[in-house]
Amino acid sequence: MQERRQAVLLLAGGPRQQASQPQIGANADTLKAAGTPSISCPAVADRLPAVPDQARTEVDQNLRLLDKQIAEANQRLAREQNQRDPNFVNNAILGALRSKRVATLDRMAIAIGRNAPRPANLVSLADCDLSYGAHTGHGSTAEPAPKHPNRPR
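Mapping to UniProt numbering: the sequence shown position 113 is 113, numbers consecutive.
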């Protein structure tokens with residue numbers, strides 16, 4: 001359990017290995033023990049207000065797009081598995097996913113806002129994290145890894 005926690009912290013940009021542990025080889029072993037991470041994002045559909053009929057098709061398309069964005073980010077994470085630098089994961093994968101989600105969530109808010117009050121704070125659902133274990137994705141209930149303190153919000 002301690003190895004898994006250290007791997008999660010390492011990948012999420014948290015504290016490094018303890019000073020008493022050897023630095024060479026410890027990170028690779030810890031990461032191997034943690035397994036392959038996947039991306040966990042907040043659910044969006046259940047946090048939307050009532051969607052007007054006129055916006056339903058566009059909102060549904062954007063919900064599917066959010067799922068596709070997560071799947072693509074997970075594929076990239078799997079492909080880049082050797083790239084275990086937390087800055088790479090946060091900037092190239094999680095940061096890029098956040099940007100895409102912000103744009104998609106904004107399109108949803110605009111679509112709803114044409115015929116009803118525009119929902120506020122959908123952008124708060126844009127951040128995703130790494131998680132280990134259970135299948136994750138849009139609407140996941142898996143426990144996310146700690147957030148990277150330097151990731152832009």
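Ideal placement from N, C-alpha and C gives every residue a C-beta, glycine not left out.
Fair warning: this is a prediction, and the values are worked out from it, not measured in the lab.
Supposed close pair residue i, residue j - CB separation, criterion 8 Å
{"i": "lysine 100", "j": "glutamine 69", "result": "5 Å"}
{"i": "leucine 77", "j": "cysteine 128", "result": "That belief does not hold up - the Cβ atoms of leucine 77 and cysteine 128 are roughly 11 Å apart, past 8 Å."}
{"i": "alanine 116", "j": "alanine 45", "result": "Not confirmed; about 16 Å, so no contact."}
Whole-angstrom distance between residue j and residue i, CA atom to CA atom
{"i": "glycine 41", "j": "alanine 111", "result": "Residue identity differs from the one stated: residue 41 is cysteine in this sequence, not glycine. Approximately 22 Å between the Cα atoms of the pair."}
{"i": "threonine 30", "j": "proline 119", "result": "With a pLDDT of only 45 at threonine 30, under the threshold of 50, the placement of this residue in the model should not be trusted; the figure read from the coordinates follows. Roughly 42 Å separates the two Cα atoms."}
{"i": "proline 37", "j": "valine 59", "result": "29 Å"}
{"i": "arginine 114", "j": "glutamine 54", "result": "9 Å"}
{"i": "phenylalanine 88", "j": "alanine 96", "result": "11 Å"}
{"i": "leucine 105", "j": "asparagine 82", "result": "31 Å"}
Residues bridged to residue i (per DSSP)
{"i": "threonine 129", "result": "It should be noted that the sequence gives aspartate, not threonine, for residue 129. Answer by DSSP bridge pairing, in chain order: Ser40."}
Contiguous alpha helix (DSSP H) assignments of at least 4 residues, all confined to the region 43–127: 53–79, 96–113
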